[in-house]
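All remarks here apply to the structure that follows.
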Amino acid sequence: MKKLTFRNLIIIGLASIFVFSYVRQQLTMGRIEKELNDKQYQLEEITKKNERLQDEVEKINTGSGQYLEKLARERLGMIKPGEKVVNSGN
């Protein structure tokens, strides 16, 4: 059996450090890629929501008041003077 020399031990040690560092780096890169994908998805969802809200603001600002009245009725449950509320049981 061949005797391990000091030089061989140094080479094995350096190779072990290299392999450990490489594996650790790959795990970190995988985690960072997942975080990046999650953030990109969140950005897309926020962008879509922002576009919907901008469209709604544009409808409110440019409409003749009918859209605003519709929102007041649907979201706030508002009624015109003299109107009566009829619940359909839904």
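Position one of the sequence shown corresponds to residue 5 (our numbering), numbered consecutively onward.
Where is the CB? At the ideal position from N, CA and C, for every residue including glycine.
Distance, Cα to Cα, Gln29 vs Ile15? Cα-Cα distance, rounded: 21 Å.
Output the distance between the C-alpha atoms of Leu80 and Leu57, rounded to the nearest integer angstrom. Going by the C-alpha atoms only, they are around 18 Å apart.
Helix, strand or coil at Glu87 [DSSP, three-state]: In the three-state scheme derived from DSSP, where H, G and I count as helix and E and B as strand, Glu87 is classed as coil.
Separation of Leu72 from Ile83, as counted between CA atoms: Whole-angstrom Cα-Cα distance: 13 Å.
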